[in-house]
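Please read the structure below before turning to the comments.
In the working numbering, the protein residues as written are 702 to 885.
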């Protein structure tokens with residue numbers, strides 16, 4: 702049995718979902734929710750509140766792996782910044798507690814859960830409910846997305862490079878190479 706914490710990072714609403722993945726990809730819902738922060742609060746207060754709540758969930762549910770949606774957007778810079786900052790908090794906590802972590806793009810998550818990387822939120826939510834044996838789609842969408850991220854991690858396997866697609870392997874190789882050059 703593998704326990705996975707899925708994180709759909711967001712500064713106003715951070716979706717979190719915990720699942721257990723058993724043999725034959727049997728998934729069981731353990732917890733789902735949303736961590737909210739007030740738009741009117743200072744950035745450090747918002748990030749701190751989200752980090753504290755994520756840390757509480759890690760302590761309570763003791764995940765074997767943390768799966769985080771990879772930040773990817775070319776449109777709203779301020780939204781991307783907040784999302785990236787929250788993702789950074791989740792990455793830091795994975796490091797702090799020595800929990801393996803993986804990141805998945807929205808397309809990867811959709812493909813893993815529905816079979817199509819172009820699936821819409823309604824399709825993803827419906828499949829999350831079906832895979833977890835739920836009567837309803839978790840609400841809001843951030844919560845369902847967090848569960849989809851956790852399911853994606855469970856279905857894609859470990860965070861080792863062996864589970865990456867060829868495109869991901871090339872990307873990781875390029876990042877590793879670039880980091881090596883910048884460390885000189």
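We treat Cβ as the ideally placed atom computed from N, Cα and C, and that holds for glycine.
If you ignore the 5 residues before and after residue 810, its C-beta comes within less than 6 Å of the C-beta of 849, 850, 853, all in its own chain and listed in chain order.
Residue 770 is classed as buried because its beta carbon has at least 16 other beta carbons within 10 Å across all chains shown. Looking at the backbone, the Cα of residue 732 and that of residue 778 are separated by about 31 Å. If you draw a straight line from the Cα of residue 705 to the Cα of residue 741, it comes to about 32 Å. Excluding its 5 nearest sequence neighbours in each direction, residue 843 has C-beta neighbours in its own chain below 8 Å: 709, 711, 714, 715, 716, 735, listed in chain order.
DSSP, read as helix, strand or coil, puts residue 772 in coil. Taking the Cα of residue 787 as reference, the smallest distance to any Cα among 720, 816, 746, 808 is reached at 746.
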